[in-house]
Structures are given as structure tokens and as C-alpha cells.
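In my numbering, the protein residues as written are 608 to 1574.
Dropping the structure here:
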């Protein structure tokens, strides 16, 4: 119920991004009520109310009631398109349920306000509840405008604003082949990308003479249109829609245009702009502008006392209705100040924007259409799809600009709007390798707003770095910069690195780890050029000496990284298997046991099933193996079958049965090719253009076993319906009537990324050659654990540079890259079979090394039991330098992990990981930190000092240490 205390009640109508931001701003100002139970706004009027305070902002905390139209909490509409590529609605949530509980906020989902009585200060909802208020905030947002043309309400017509809109579009797309988007602005082009991701042949219709007429000029729009058309989208500009026509079933079949043309479409999305949702305010008697929008002043106050408005429903004091989230956030900050007695105000906002539309970067800032009395500077490269323009005022100040195809300079240029450029204008537009300051953010003043979404200045970023935010993740968390649209991340990174350098903190690549000053890329070239074939030799020649002056022993970063490099370059170095000799001691547990470690210390086994094809005989074998060894079975997202629960000593027996049946390792354990997924293709599907199954099989068999900086996932779709989800893979191919279109750099998971189009209309032989080059170029130049998606965004020149190297051989590497890939193909050997054929390798697959028979003798390794006596547990020759083995000690049979350092020292610690309680410490990676011998647990990567058992990463964790000696 509304409290009988003097705490005022705030009713918030609407729970979108801006409304939620207001709540967060109030919470940050400690202006919200505490947890429920101390009196709260839990029931509507009629159960006891209280008069409000004389006015807001008197220092007391607000109790808040939120009336939301949708049946879900506020979510990130900026990234609504990600729902089409696997993101769930829950992942877009902007606030967890405990936020509302912690602040005693009453959240009424699916119960929007329907009437306001400003005389009694009450709000009535759709369900008939009446809520009194001391302050009322209208954050009702906007609605999608649909042109009043015949047929606009026919089944198959949609708008694109909410999660439910996305679900409806996805459902309709299942029975559609073609689609059209009406509107070629920001949201329209996002909708085009979404429909293409659903496999639909898509057209875009824009009434203006060019795409994105509010953001780019004719020259930029021409380049953008060319890029969009190259992706298979049909572009119609200077053509308004006049009618939606339907079939005999009443469903959409297409639309007619004002230029006399027509577009076939089984599905239509309208995205021609939005209008303020001001009808509630209008009915309540609030002043509404003639062209829509609730009129507010600089403090977000409406014409009625204690009623406020913000976001897309409001017409700001400068006469504008803002349809972007950043101005809405600035309004939320100003209103939070108003409601807490502060002096904040909203006088206008920056409408600059930077987006990736259909794989192309597009940005505009300032006033890109300002009269260029001072001249304009233009850089264009139509071949690469790049257009950049700066507009200068009469006195040389930067008025605005447009960036298409390459928007790297956006983070620097946007804060400089209204100021003199600190250098020649051309230097900010030329390609990175041609001109321009090394760090363009260095010229920005401290009060420059770097993140316009969250209002973060350069000074705030520098202060956060001084306070200890020494990486991008920490800096984002501390300041909020770069967490909304992401357009400022490049500038934020540059400012962070400059501040770290000023403080003497090492920045840049800084080497692979403390043991190597070279990066992964540099170590790759060293190994390739010098023929270095072991970690020992590499550490001796290029490692950082330890405190004793000797070569480094390595760590959990450099040892597996070097192991991967040696595996990749194995055909050139004469190396044959990742478990040969010293290489075995470098491997992480998954590669060491050629299987995936699970949380209980067991492993999963995944045989290769190229393209998901499997015979009845192989299905039977997998079922028999699972039953014989008591394994849990599961179909994976990569079209394979996973067998869970195998112990280390069971692995060879499982492999033997699989290999004898004609199956082989699926490399699910390695940073290597995982799968090549496929749809049914032309073999079975009536829509199939080409044999996607056959192509996926060829790709998987060609690249199997290829070690890379991170895992690789491939896919082949037989038509543009894209059932194999090729555009979310590292390498994806999509069949068309003209050949294969090749996409690269896609990614699912935590940060989904659409792949970029690298080449199109390729025949099979050309496709394989281009993929060979792409993969080998990636392997050469990527950082450790860097997926192709992150690599493409980091590498200078991005996809344009990669296209030049791979397609046009700009670096003269094509023949070399192709030859290297062919050597890999020729050298491939199944890793499971190789272990089964090598007794020395097989001996490693044991849950404990058997104790030597007979009395104690020289060469025995002994461990002291709890009773104080010495017990022989293994032979010294069974301890490989730099690798652990499990042994049994004492009458209770406790398992102990033994490690032998490269210098010959032997250590004994408990084999039980203190977090998971699984016996896995002996499978961890040996290394050294500041000269101290350590083991890194394979489970959660904690590091333990082998001399003391202390955890270097968590004081609460510890391994018991045993006395050990060698006879």
C-alpha cells in the first residue's frame, strides 16, 4: 500500500531504456526507498494513502511505482537485432529482479496507464487500479509510424520495435522466401540485416533520394548503397510505397511504388520513423506540441505541476523530439537532479551515431549538412567502400562529418565538433598507414565527452585509470563508457593506454607473458623462420631469464601457446604428434588427454562426424560404447554426439572401439577446427542451390586438426535461407545461383557477431583456395585466444585489409599461405589412433601410476605417509620434466600429484582441486612465477606454489604438501 509515512510516491509510466535509466540515476543519488517491509507502494489507492510532500527534491527518498505496457522488464532495444542471431530476451534485460526488490519498487508489468487525473493526482491502469502520485513521470516512448496506404494491415506486415515484434517476424519468415523493408534509415537497414539473417531475399524501399537521408549525404549514400547491393539486397530509392498487395489468401505478396515499379515480398517490415506516444498526456490536458511530443522545459517539467516527461514522448526545450537513447539518458540525469533538488538541466543533445549496418561501419556526427563556408575535406575509395567527409565552418571549426566503411576516427572527431582541429583535417581521414597522429585522442581536452550514451568525459576515464582500472573491462565497469552502443570503444581504449603509459604502466602487446617479451605473432614468425622445434630451445634463445639467470620454465599462458604454435608448424618442423616428447608437458589438460575435462574430473569424448552425417552402423557403435562404459550422451549444437563421463584410464579403450569402427577424433578438446555444420542442401532440400553437405564434409576433412589461436567453427548453407547459420561462424559459406558467398569473422556466444562478406559467387575450387589463405593469414597474425571475430575488429584495416591480402595478394603471401595449408592437409593423422599405436603415450592414460614392486631401491621416488614412514610410489624415470603424475600414498590410498621440474626437483602435493574436489591437480600445467615452482589447476586455473601449497590467486585455497625424496 502507499505508505502512511511522509515518503513521497513517484509513479513512472513506461519502462523502457530511458525509464530504467531514471530509476538507476535516482538509486545512484540514494533517492529511492529501502527494502520492502519498511512501508512501501505495494497497493493502489483505496487502501490508505498519504498526502505528498510540499514538493520533490527535499532530500527524502522516493517510493516508486512503475506501470509497464510490456510483460517484461526494460531491455536493451539498441541491440534488438541480436535476437535474430541467438541472443535471448533475458540477455537484453537492463535490470535484474533484485534491483526492484532492493529499492522497494513496485513493478506492474502488462498494466499500462490509461488515464491521468491531474486534479486528484492519480493514474488509472488498464486493469482498473488507481495509483496516487506525488510526482508523475511519463516515459511512454514512441510508436512506429506506418504509411496510410491500402493493404498496410494485411497479414505479413510488421513493425520492428519490441521483442514480440521480433518473434512475430521470425515466425512469419519460416513460410516466406522474400521480404521488403519500407524505410532506408538506421532502423530500416538494421531490419534489412535481420531479415537477411533469416535467409530471406530482401529489398529496401526508401522514399528519399538516398539511404540514411538523415545521416549521410549523397556521396556517402552512394557508397553505402553499393555496399548493401553487393550483399544481395535490392535497393529502391526515391520511390514511395503506394499500396500493399495481397494474394487470394489475403496475405502479403508485394508492394507497389510511386515510380511505377513493384517489389515482391512475402513479408513486409515498416520502418519509416516513429511518432511520440503523447495521447495519454493530451487527454489529461497537458500541453502537447502541434507536431507531437509532450512539451517540457529544461528540467523535464510539463505544463502541469509535478508531472514530468522524458525520452521519445517529449518535445524538449530546444524544440526537438529525440529518437536516440543517449539524449534520453541525459534527460534522465537532468530529471533525477530535479527530483532530488539538484540543478541539472537538459538543453539539447548530441545526435551523433555510429553503427555497423549490414557489415559496414556508418557514422555521422555534429551537423553533417552544415553550410561548409570554411570548406569540406573528403576522402573516398569506392573500391573499398569507404567515404569520409568533414565539414568545416568559416573559421575552420569542425561542424560535422560523415564516415562510411571506416569509422575508426569517430571516437576522436565527435568530441571535437565546434572546435578547431588540432591538425590538418586530412590527417584525420587518411588511412591509418598513410597519415594521421598515432593517438588522435591525445588532442582532446579533458572535458571532451567520449561516451555520449553515458556522458563519460576524457577526464573521467583518466581518473578511473589512475584509480586502478587498467584494462578495458575494468574501465567499462567503472565508468559505463562503451557499454551501450560501443561506438566509443576505440577512443576509450586509446585514452586508457595513453594514461597507463603516462603512469609508467606497460601497455601495448607487452609480450605473451612475463616469460616472453614477444607476442604470439612474433613467436610464430621466430619459430617459422628459425625452425625452433621445442619450448626448451625457444625459452633459451628468446625467453626472459628467471631470478637464477636460467631460461624460464614457462607458465600456463606460454607453455600451451607454444605447444599450439609447434603443432601448427609441425609439418615444417618435422613434428608429428602433440604428445611427442617434450610437447606433452606443454599441453593443457584437454590436449594432454585428447578429450574435454568436465567439472567432476571425468572427460567427454566427441568423435568427428563431418557435416553431421552419420551412418546407422556408427550410430549403433556409439550407443554400444555409451552403454558399455556408462556414458551420458548428448547431441551438440555442432551436429555431433558427445559422450560424457569417461575416466582417464577409460579413454584409450573407448577410442579403440571407435577407431576400429572407422571413427576418429573430433578435436573438440583443441584450439582447432571443431565442426563444419551444414543444412540438407540440394541433396534433399527443395530450396537448396548447391550441395552444402558435400561442401561441409570437404571443409571439415581438409581443416581437421589445424591448430589455431582459438577454436574454429565452419558452416555451409545450401541457400540464402541460411539454415546452417553460416553467418555466425568463423568461416561460413552460403550457396546462391551464381556460386558460393564466403563470410568470415562470425561468432555466437557471449558477444554475437555477424560475419563479414569476404567474397561472393565463388566456384568450389576458388572457394577452397580463398579459405586456405584466410585461415593461414589469421593463424599467422592473431593474438593468443583471439577468435576471428575479435581479430577482424582489431587488425588494422579490418575486413578491407584482409580482403586485399586474401583476394588481391597485396602482401605477396598467397602462394605461401596455400602451400602451408596443403602441407597441413598432407601431414594430417588421427591423434587418437596415433596414441593407440604408441605404448609410451598410452602409459600416460592412468588414474594413478603403479608403485614399483619389491623393496626400496635407487631410482625410487618416495613420499612420506601420515604415519611418518616413507613409501615408494613410482620410478624417477616415470616423471617427465614439467609434467605431473598421480600416485597413491598410504593405507587409505590418498592420491598425490608429483611434479618434476626441468631442473630435476621433485614436488608432492594433494591431487584434489580445492574448489571442485576433483582429482585433477596432476593434470595441471607446471610453471614458475618469480622463480617459485607452481602448478595451475586445469579446473579453474588457480595457481599453487608447489613448495608450500599456497594459492597465488586466493588466500582461502590451499593444497596439502607431502615430503618427497628420490633414492
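We treat Cβ as the ideally placed atom computed from N, Cα and C, and that holds for glycine.
Computed from a prediction, not measured in an experiment: that's the story for all the values here.
I need the straight-line Cα distance from residue i to residue j, nearest angstrom please.
i	j	result
residue 937	residue 679	24 Å
residue 1557	residue 1162	17 Å
residue 798	residue 754	17 Å
residue 770	residue 777	11 Å
residue 1490	residue 1533	6 Å
residue 675	residue 944	23 Å
residue 806	residue 1241	28 Å
residue 1318	residue 1281	7 Å
residue 782	residue 1331	17 Å
residue 1271	residue 1215	6 Å
residue 960	residue 975	11 Å
residue 1496	residue 695	50 Å
residue 671	residue 623	15 Å
residue 1027	residue 983	14 Å
residue 870	residue 861	5 Å
residue 1335	residue 941	40 Å
Can you name the start and end residues of the beta strand (DSSP E) that residue i belongs to?
i	result
residue 1469	1467-1471
residue 970	967-973
residue 1548	Where residue 1548 is concerned, there is no enclosing beta strand (DSSP E), given that its DSSP letter is neither H nor E.
residue 871	869-871
residue 888	Counting along the chain, residue 888 falls outside any beta strand (DSSP E), though it belongs to the alpha helix (DSSP H) covering 886-890.
residue 838	Where residue 838 is concerned, there is no enclosing beta strand (DSSP E), given that its DSSP letter is neither H nor E.
residue 1137	Taken as a continuous stretch (DSSP letters only), residue 1137 belongs to no beta strand (DSSP E), being part of the alpha helix (DSSP H) at 1127-1137.
residue 1289	Taken as a continuous stretch (DSSP letters only), residue 1289 belongs to no beta strand (DSSP E), being part of the alpha helix (DSSP H) at 1288-1291.
residue 1542	1539-1543
By the DSSP assignment, the alpha helix (DSSP H) with residue i in it spans what residues?
i	result
residue 954	Premise fails: residue 954 is in no alpha helix (DSSP H) and is neither H nor E.
residue 1223	1223-1236
residue 1266	1258-1267
residue 1430	1421-1434
residue 705	704-709
residue 773	770-780
residue 712	Segment: none, residue 712 is in no alpha helix (DSSP H) and carries neither H nor E.
residue 1190	1190-1193
residue 1165	1165-1175
residue 1106	1096-1109
Which one or two residues does DSSP pair with residue i in a beta bridge?
i	result
residue 788	811 and 876
residue 1501	1496
residue 850	863
residue 1406	Answer is none; residue 1406 lacks a bridge partner.
residue 1477	1471
residue 1341	1324 and 1348
residue 1377	None; residue 1377 has no bridge partner.
residue 1318	Paired residues: none, contrary to the question.
residue 1574	Residue 1574 pairs with nothing; no bridge assigned.
residue 816	Answer is none; residue 816 lacks a bridge partner.
residue 607	Past the edges of the chain, shown from 608 to 1574, lies residue 607, and the structure says nothing about it.
residue 995	986 and 1010
residue 1285	1323
residue 751	881
Kindly give me the distance between the Cβ atoms of residue i and residue j, rounded to whole angstroms, as I take these residues to be in contact under 8 Å.
i	j	result
residue 1213	residue 1275	4 Å
residue 838	residue 1172	With 8 Å as the limit, residue 838 and residue 1172 do not qualify as a contact, their Cβ atoms being about 36 Å apart.
residue 1158	residue 1146	4 Å
residue 763	residue 859	3 Å
residue 759	residue 851	6 Å
residue 1106	residue 1072	4 Å
residue 996	residue 826	7 Å
- the stretch 1342-1353 contacting the stretch 813-825, beta-carbon criterion three pairs below 8 Å: no
- Task: Determine contact between the stretch 921-929 and the stretch 945-964, defined as no fewer than three beta-carbon pairs at a distance below 8 Å.
- Result: yes
- Three-pair Cβ contact test at 8 Å for the stretch 1255-1265 versus the stretch 1283-1296: no
- Using 8 Å as the Cβ pair cut-off and three pairs as the minimum, do the stretch 907-921 and the stretch 740-756 touch? yes
- Task: Determine contact between the stretch 721-737 and the stretch 886-893, defined as no fewer than three beta-carbon pairs at a distance below 8 Å.
- Result: yes
- Message: Three Cβ pairs or more, each shorter than 8 Å: is that satisfied between the stretch 1178-1188 and the stretch 1425-1444?
- Response: yes
- Message: Under 8 Å, with one C-beta from each stretch per pair, do the stretch 1402-1421 and the stretch 1216-1223 reach the 3-pair mark?
- Response: no
- Query: Three or more C-beta pairs closer than 8 Å, one from the stretch 1503-1518 and one from the stretch 1469-1488: is that the case here?
  - Reply: yes
- Does the stretch 1536-1552 touch the stretch 1509-1516, meaning 3 or more C-beta pairs lie closer than 8 Å? yes
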